[in-house]
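A short worksheet on the structure shown next.
Protein chains: 2
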Amino acid sequence: MSDSTIYEVARLAGVSIATVSRALRNTGPVSAATREKVQRAVEQLKFTPSRLGVSLAEGRHAANGIVFPDLSGPYFAEVLLGYEEVAAELGRSVLILSTRDRDGVPATVKDLATRVDGLVVFGQTLSDAMLTELAESGLPTVLLARDAHPGTEAVRSENGGAAEALAVHLIAHGHRAFALAGGHDEGDVSQRWTAVARTLGLHGIPVPRPVECPYTVEGGYEAGLRLLPDNPDVVMCADDQVALGVILAAEELNLKIPGDVAVTGWDDIMAARHARPALTTVRQPLRELGGAAARVLDELIAGVEPTNTTRVLATDLVIRSSCGPHPPAQEEQ
Amino acid sequence: MSDSTIYEVARLAGVSIATVSRALRNTGPVSAATREKVQRAVEQLKFTPSRLGVSLAEGRHAANGIVFPDLSGPYFAEVLLGYEEVAAELGRSVLILSTRDRDGVPATVKDLATRVDGLVVFGQTLSDAMLTELAESGLPTVLLARDAHPGTEAVRSENGGAAEALAVHLIAHGHRAFALAGGHDEGDVSQRWTAVARTLGLHGIPVPRPVECPYTVEGGYEAGLRLLPDNPDVVMCADDQVALGVILAAEELNLKIPGDVAVTGWDDIMAARHARPALTTVRQPLRELGGAAARVLDELIAGVEPTNTTRVLATDLVIRSSCGPHPPAQEEQ
DNA sequence: TTGTACGCGTTATCAT
DNA sequence: ATGATAACGCGTACAA
Numbered sequence: 041m042s043d044s045t046i047y048e049v050a051r052l053a054g055v056s057i058a059t060v061s062r063a064l065r066n067t068g069p070v071s072a073a074t075r076e077k078v079q080r081a082v083e084q085l086k087f088t089p090s091r092l093g094v095s096l097a098e099g100r101h102a103a104n105g106i107v108f109p110d111l112s113g114p115y116f117a118e119v120l121l122g123y124e125e126v127a128a129e130l131g132r133s134v135l136i137l138s139t140r141d142r143d144g145v146p147a148t149v150k151d152l153a154t155r156v157d158g159l160v161v162f163g164q165t166l167s168d169a170m171l172t173e174l175a176e177s178g179l180p181t182v183l184l185a186r187d188a189h190p191g192t193e194a195v196r197s198e199n200g201g202a203a204e205a206l207a208v209h210l211i212a213h214g215h216r217a218f219a220l221a222g223g224h225d226e227g228d229v230s231q232r233w234t235a236v237a238r239t240l241g242l243h244g245i246p247v248p249r250p251v252e253c254p255y256t257v258e259g260g261y262e263a264g265l266r267l268l269p270d271n272p273d274v275v276m277c278a279d280d281q282v283a284l285g286v287i288l289a290a291e292e293l294n295l296k297i298p299g300d301v302a303v304t305g306w307d308d309i310m311a312a313r314h315a316r317p318a319l320t321t322v323r324q325p326l327r328e329l330g331g332a333a334a335r336v337l338d339e340l341i342a343g344v345e346p347t348n349t350t351r352v353l354a355t356d357l358v359i360r361s362s363c364g365p366h367p368p369a370q371e372e373q
Numbered sequence: 041m042s043d044s045t046i047y048e049v050a051r052l053a054g055v056s057i058a059t060v061s062r063a064l065r066n067t068g069p070v071s072a073a074t075r076e077k078v079q080r081a082v083e084q085l086k087f088t089p090s091r092l093g094v095s096l097a098e099g100r101h102a103a104n105g106i107v108f109p110d111l112s113g114p115y116f117a118e119v120l121l122g123y124e125e126v127a128a129e130l131g132r133s134v135l136i137l138s139t140r141d142r143d144g145v146p147a148t149v150k151d152l153a154t155r156v157d158g159l160v161v162f163g164q165t166l167s168d169a170m171l172t173e174l175a176e177s178g179l180p181t182v183l184l185a186r187d188a189h190p191g192t193e194a195v196r197s198e199n200g201g202a203a204e205a206l207a208v209h210l211i212a213h214g215h216r217a218f219a220l221a222g223g224h225d226e227g228d229v230s231q232r233w234t235a236v237a238r239t240l241g242l243h244g245i246p247v248p249r250p251v252e253c254p255y256t257v258e259g260g261y262e263a264g265l266r267l268l269p270d271n272p273d274v275v276m277c278a279d280d281q282v283a284l285g286v287i288l289a290a291e292e293l294n295l296k297i298p299g300d301v302a303v304t305g306w307d308d309i310m311a312a313r314h315a316r317p318a319l320t321t322v323r324q325p326l327r328e329l330g331g332a333a334a335r336v337l338d339e340l341i342a343g344v345e346p347t348n349t350t351r352v353l354a355t356d357l358v359i360r361s362s363c364g365p366h367p368p369a370q371e372e373q
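Those protein sequences? They're chains U and A, same order as listed. Per my numbering, the very first residue in the first sequence carries number 41; after that it's consecutive. Per my numbering, the very first residue in the second sequence carries number 41; after that it's consecutive.
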């Protein structure tokens with residue numbers, strides 16, 4: 041019920057609170073007999089040190105935060121799991137914050153900032169001004185899925201190389217009329233589209249302008265209805281959810297994939313593998329992304345000075361059947 | 041950098057800390073002039089009250105915890121998002137804890153318990169002994185996806201009725217040889233299998249014993265390889281991930297779905313809709329589940345006594361094509 | 001309207 | 001080996 045305090049333990053054990061603290065933390069000499077008494081008192085009262093007391097005295101929270109947009113979906117979930125796993129290994133709790141409503145964000149982020157020793161922030165969730173403010177406040181901050189901002193570190197996965205490889209693969213399929221589904225001003229995706237544009241240019245292929253849409257199945261469906269009537273050979277999508285939406289739109293329009301039009305995604309979420317047809321995509325190491333962020337953040341918290349470095353994790357091109365016909369041996373599950 | 045304290049604000053504003061506190065919280069009379077001075081000092085020092093100090097003084101964390109198993113996947117992500125959203129509305133932060141390693145769980149849960157005003161715990165993550173301990177400690181606790189334990193409240197979605205409806209539908213398809221994929225001793229799933237068994241019994245159909253497997257695509261794949269050689273008419277699966285695995289196993293064995301064998305899932309995760317064939321399943325209101333838990337927990341924290349009540353949210357049967365041929369109009373996306 | 005002083009629960013320093 | 005006691009940062013009776 042009412043949590044007992046170190047004072048009650050001390051009284052019951054017939055010692056001072058200093059001794060109790062020492063006995064519990066092995067932070068100084070305690071005679072075996074005394075330790076025994078303390079142990080008994082602790083068990084009898086079911087004493088657990090108050091986190092608030094400990095944190096106040098230690099001057100640290102032993103907790104990390106993570107900020108992400110609402111986009112929900114499997115992408116963030118996987119990263120979050122990887123983050124929590126490593127944070128737990130490092131003895132730190134994890135507080136989450138989803139910034140959905142545009143208005144209250146700064147206030148809630150500041151509240152979160154007072155509860156943690158460091159923060160991981162997803163790509164485009166916070167304004168650069170806010171990031172600067174965080175960095176200048178001295179709070180260790182790691183950025184995810186984008187490049188570093190002054191005063192921070194960053195972890196993202198490789199975009200340009202995989203995008204180029206994907207484009208080359210699609211060109212080898214004979215595709216010439218390209219369409220791009222998914223906005224281009226957000227950092228992560230823009231890096232991909234830039235690489236795609238360069239690759240197409242090198243092959244003398246017209247570079248399409250990306251059609252903006254929310255990164256959801258519904259968004260992809262709408263984008264598909266807009267793009268497909270122009271009879272592209274292939275629709276490259278900002279992520280797998282968008283691609284799944286485009287596939288639904290193609291069905292609606294009675295277009296066969298990949299016969300009439302090819303479609304590619306990005307991320308390799310679970311649904312990509314099970315979609316009809318199975319989706320050609322780029323696998324991001326989502327859990328590793330989260331784990332790496334936790335580790336980098338831990339270093340920052342330990343006192344390492346931020347160097348504005350961006351760590352880049354490798355991605356894999358995953359060729360399935362939505363991009364065009366392959367000899368069976370070449371397909372991958 | 042070094043966060044400023046209320047004392048520094050008070051000194052800069054030329055008032056006492058009590059006045060600063062009152063001015064910031066509107067918790068007592070403060071003259072307009074004084075309020076103005078305080079505001080200026082606060083802005084100049086970029087003062088934000090320390091959460092530790094506030095919590096210690098207020099005697100509350102303004103934070104909730106949530107405990108879930110590793111199973112990851114879309115299921116937990118969706119529930120978590122719904123939980124965080126409502127918790128944020130109620131002005132509470134969210135701490136997450138994933139119990140993957142069997143050993144350290146009690147300790148980490150107790151640590152979490154000291155950081156929050158209340159806890160939501162997923163179905164089978166904690167032992168009943170642990171739940172009892174939590175309840176007796178007086179920490180407000182809400183159980184998710186299972187029935188209430190003494191001293192707690194619970195929120196789950198409806199199982200028996202939907203399971204019966206699904207079984208009836210499958211029987212109407214003419215299926216007689218049933219197989220069940222996914223363990224049966226866990227609360228949520230066992231309720232479904234019980235209802236299925238009763239329904240089959242009423243129709244004079246043999247009741248199969250569930251084949252246990254992890255609730256993952258891989259687990260379903262293994263279960264499928266074991267079950268499919270017996271030529272069942274239909275494999276009912278514990279959840280969608282298992283069903284997706286069974287579908288992969290069927291492909292491997294060159295069995296057509298639903299021609300050679302029907303398959304059903306549970307949850308209606310995103311991949312279910314996009315699978316080939318689209319998966320017949322039962323939709324759980326995942327986000328609502330999380331949101332409801334947050335609200336119930338808030339009541340408990342506000343002082344409402346736990347009544348060991350289980351709230352049951354409605355589920356929807358989602359008929360797609362994996363369970364057998366339908367007239368086009370009857371299918372649902 | 002404003003200020004003083006105590007309490008919240010720990011850790012850690014300094015005596016003893 | 002053990003015990004007083006000063007932080008840590010804030011809210012709030014109570015006094016003025």
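All residues carry an ideal CB built from backbone N, CA and C; glycine is no exception.
Within the region 130–145 of chain U, contact with chain A at the beta-carbon level (separation under 8 Å) is assigned to 133, 134, 135, 136, 137, 138 and 140. Each residue's CA atom was taken as its position, placing residue 305/U and residue 254/A some 28 Å apart.
Chain-order list of chain A residues neighbouring residue 257/U: 310, 313 and 314, by C-beta distance under 9 Å. For the region 150–171 of chain U, the set of positions with a beta-carbon nearer than 8 Å to some beta-carbon of chain A reads 150, 151, 152, 153, 154 and 155 in chain order. For the region 92–117 of chain A, the full-length beta strand (DSSP E) segments reaching 3 residues or more read 103–109 along the chain.
Apart from the 5 residues on each side of it in sequence, residue 130/A sits with its Cβ closer than 6 Å to the Cβ of 338 in its chain, given in chain order. For residue 158/A, the three-state secondary structure derived from DSSP is strand. Residue state for residue 204/U is assigned as helix, using DSSP reduced to three classes. Along the region 253–305 of chain A, the alpha helix (DSSP H) occurs as fully enclosed runs of 4 or more residues at 257–267 and 280–292, listed in sequence order. For the options 92/U, 67/U and 62/U, the alpha carbon positioned closest to that of residue 43/U is the one of 92/U.
Looking from the CA of residue 300/A, the closest CA among 99/A, 315/A, 275/A and 323/A belongs to 275/A.
Under DSSP, residue 219/A forms a beta bridge with 275/A. Runs of alpha helix (DSSP H) with 4 or more residues, each lying fully within the region 128–196 of chain U, are found at 145–153 and 168–177, listed in chain order.
Across the structure, residue 220/A and residue 208/A are spaced so that their CA atoms are roughly 15 Å apart. Distance from the CA of residue 261/U to the CA of residue 155/U, rounded to the nearest whole angstrom, comes to 40 Å.
A distance below 8 Å separates the beta carbons of residue 105/A and residue 159/A. Proximity to residue 198/A across 169/A, 293/A and 355/A peaks at 355/A, based on C-alpha coordinates.
Contact annotation: residue 329/A and residue 119/A have beta-carbon atoms nearer than 8 Å. With respect to chain A, the C-beta atom of residue 362/U has no partner C-beta closer than 8 Å. Residue 114/U has a beta carbon lying within less than 8 Å of a beta carbon in chain A. Put simply, the backbone Cα of residue 190/A is about 43 Å away from that of residue 46/A.
In this structure, residue 236/U keeps its C-beta atom at 8 Å or more from the C-beta atom of residue 277/U. Within chain A, the C-beta atoms nearer than 7 Å to that of residue 95/U come from 92, in chain order.
Here residue 53/U has 77, 78 and 81 as same chain residues with Cβ atoms under 6 Å from its own Cβ, once five neighbours each way along the sequence are excluded.
As the crow flies, the alpha-carbon of residue 294/A is around 15 Å from that of residue 284/A.
According to DSSP, residue pairing for residue 358/A in a beta bridge involves 321/A. In the structure shown, the three-state DSSP call for residue 228/U is helix.
For residue 73/U, the closest C-alpha among the options 202/U, 60/U and 85/U is that of 60/U. Under the criterion of beta carbons closer than 8 Å, residue 175/A and residue 192/A qualify as touching, at roughly 6 Å. Flagged as an interface residue toward chain U: residue 88/A, by a C-beta distance shorter than 8 Å.
The beta carbon of residue 48/A sits no closer than 8 Å to any beta carbon of chain U.
By the rule that beta-carbons nearer than 8 Å mark a contact, residue 332/U does not touch chain A. In terms of Cβ geometry, residue 222/A and residue 282/A form a close pair [threshold 8 Å]. For the region 212–234 of chain A, no residue has a beta-carbon sitting nearer than 8 Å to a beta-carbon of chain U. When secondary structure is reduced to three states using DSSP, residue 352/U falls in the strand class.
Between residue 360/A and residue 318/A a beta carbon distance of about 4 Å is seen, short of the 8 Å cut, so the two are scored as contacting.
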